[in-house]
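Since the structure comes first, as structure tokens, the remarks are kept for the end.
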Amino acid sequence: MSDITTEQAKAAGDTPLGLYVHVPFCASTCDFCAFYQIAPTAGDVERFLRGIEVEAELVRWTRPVTTIFWGGGTPGLLAPRDLARLAGLVLVRLGKSGAAASSPRSERDRRGGGAAAPPADSLFEWTVELAPGSVTADRLAVLREAGVTRISMGAQSFQPAWLEALGRRHSREQVYRAYDRVRAAGFASVNLDLMFALPGQTAAEWEADVREAVALAPDHLSTYCLTFEEDTALWVKLSQGRVKLDPEHEARLYEATWAQLGAAGYAQYEVSNFARPGHACRHNLNTWRMHEWIGLGPAAASQQAGVRGANVADLGRWLDHVARGTRVTEDRTGLTMAGLAEDALIFGLRMNEGVDVAAWRERAPEAPWGAVEELLARLAGEGLAARTGAQVRLTNRGRLVADAIGAELMEAFSREAAAV
Numbered sequence: 253m254s255d256i257t258t259e260q261a262k263a264a265g266d267t268p269l270g271l272y273v274h275v276p277f278c279a280s281t282c283d284f285c286a287f288y289q290i291a292p293t294a295g296d297v298e299r300f301l302r303g304i305e306v307e308a309e310l311v312r313w314t315r316p317v318t319t320i321f322w323g324g325g326t327p328g329l330l331a332p333r334d335l336a337r338l339a340g341l342v343l344v345r346l347g348k349s350g351a352a353a354s355s356p357r358s359e360r361d362r363r364g365g366g367a368a369a370p371p372a373d374s375l376f377e378w379t380v381e382l383a384p385g386s387v388t389a390d391r392l393a394v395l396r397e398a399g400v401t402r403i404s405m406g407a408q409s410f411q412p413a414w415l416e417a418l419g420r421r422h423s424r425e426q427v428y429r430a431y432d433r434v435r436a437a438g439f440a441s442v443n444l445d446l447m448f449a450l451p452g453q454t455a456a457e458w459e460a461d462v463r464e465a466v467a468l469a470p471d472h473l474s475t476y477c478l479t480f481e482e483d484t485a486l487w488v489k490l491s492q493g494r495v496k497l498d499p500e501h502e503a504r505l506y507e508a509t510w511a512q513l514g515a516a517g518y519a520q521y522e523v524s525n526f527a528r529p530g531h532a533c534r535h536n537l538n539t540w541r542m543h544e545w546i547g548l549g550p551a552a553a554s555q556q557a558g559v560r561g562a563n564v565a566d567l568g569r570w571l572d573h574v575a576r577g578t579r580v581t582e583d584r585t586g587l588t589m590a591g592l593a594e595d596a597l598i599f600g601l602r603m604n605e606g607v608d609v610a611a612w613r614e615r616a617p618e619a620p621w622g623a624v625e626e627l628l629a630r631l632a633g634e635g636l637a638a639r640t641g642a643q644v645r646l647t648n649r650g651r652l653v654a655d656a657i658g659a660e661l662m663e664a665f666s667r668e669a670a671a672v
């Protein structure tokens, strides 16, 4: 398979470019979380901020950044002055000024009485993840002044028993208070994360969580089916037989969620993501469409300039790397058009819009299209996929088994690679 050519790289010059900053600090580790994180100390926060500044200088910034996403960890654990400093490092490096993408909101929207207006500059989006317990007026003021347009808050549940079972440190009341503060601060878009298929959770309990979330009128909702990641507390419980998987129950919860949110005016645009018009997460869409993004911070992944990889998931070792002028050292691999086509199909079929197979056949003629077309035809015959011209998308039944379909696509590509 051929590497990405200079001409293809140039052609990407007008496509979106994302920036992801991984803030690795958490007060505690939730039972389900497998992301790299450490408890914050003043010294580690200072070293992290200095490291971000150094790493940003190592990046080839070939075109303007259109989306920014701060994840973690818990970015909201940074003190307001440290949030301001991190925002300043980003803005200066990108040639932007504070409040570069802010847009006013009506008083009715601030109170949650209606959907917020989309960002004034629809090509720029800046998301920051916050835990309910870390939301303060001072932090929000710093983020608003910097130009953050979107807040994503990990509520996970409104029920105390499930918050405790997940290892979340916030209460139901903190979710409400945090949401009101975010709305009052006037951000253009607000997302809430919820989690379902918790061990022992009933359909009625999950429906109640969705109903409470909808009552707050967020602009976007992410509803994630609980997964059991290795090296997490939940994985240990699963391996010990203390919890069990129930795929049929999960499927029923998926379908009930899609119906409930659709009736409430939230359009599904990806298996787990729903939004009011104008509020789909642009950063995630660009990633799923196989555009480029730059990752800063320990454990942050990047896909840029013909290379995909990640920073080492260790604060000290990451700092050593950037001090030596190196980054993206883990799982580093040269991108090929066939490899991008494979991922574009896997992630594209998770989106309701599907994927344009003809466009990717043109970009990556060396990919195993015979095997892919055979698989897509079989999926259509089984009612799991639908095709309109070159556009292929999964049906509702197909979206229920999107992970399995993704695995089949990977197998088709790997068989071809092995044959070569």
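Taking the working numbering, I'd label the letters of the sequence shown as residues 253 to 672.
Note that the Cβ used here is the ideal one computed from N, Cα and C, for glycine as well.
Being a predicted model, the structure only gives us computed values, none of them experimental.
- Query: Is it a yes or a no for the region 526-546 touching the region 319-326, going by three-plus beta-carbon pairs under 8 Å?
  - Reply: yes
- Sort E660, L652, W621 and D655 by Cα distance to A642 and report the nearest one. W621
- Query: Cα separation between Y272 and L395?
  - Reply: 16 Å
- Whole-angstrom distance between R421 and L415, CA atom to CA atom: 8 Å
- Task: Apply the 10 Å Cβ neighbour rule to L486 and answer buried if 16 or more other Cβ atoms are within range, or exposed otherwise.
- Result: A caution first: L486 carries a pLDDT of 42, below 50, which makes its placement in the model too unreliable to give a value.
- Item | Opposing strand residues paired with A575 [DSSP bridges] | BP columns for A575 are empty, so no partner.
- Measure the beta-carbon distance from V565 to P550 and round it to whole angstroms, keeping in mind my assumption that it falls under 8 Å. The residue you asked about is not Val; residue 565 is Ala in the sequence shown. Contact flag correct, Cβ pair sits at about 6 Å.
- Query: Three-state secondary structure (DSSP) at F665?
  - Reply: helix
- Query: Based on Cα-Cα distance, which residue from G568, E634, A308 and S404 lies nearest to V297?
  - Reply: G568
- Item | Local conformation of V387 per DSSP, three classes | coil
- Item | Cutoff 7 Å; reference R613; Cβ partners in own chain excluding five residues on either side | W621
- Query: For the beta strand (DSSP E) that contains R402, what are its first and last residues?
  - Reply: R402 to Q408
- Keeping to the same chain, check which residues put their C-beta closer than 7 Å to that of V311; ignore five residues upstream and five downstream. Apart from the 5 residues on each side of it in sequence, V311 sits with its Cβ closer than 7 Å to the Cβ of I546 in its chain, given in chain order.
- Tell whether a beta-carbon distance below 9 Å holds between D445 and Q411. no
- Task: Consult DSSP for S491 and reduce its assignment to one of helix, strand or coil.
- Result: Low confidence applies to S491: its pLDDT is 46, below 50, so where it sits in the model is not reliable enough to give any reading.
- Task: Taking Y476 as part of the beta strand (DSSP E), name the residues at either end of that continuous run.
- Result: H472 to C477
- Message: Please report the straight-line C-alpha distance between L636 and R337, rounded to a whole angstrom.
- Response: Take the alpha-carbon of L636 and the one of R337: they are about 49 Å apart.
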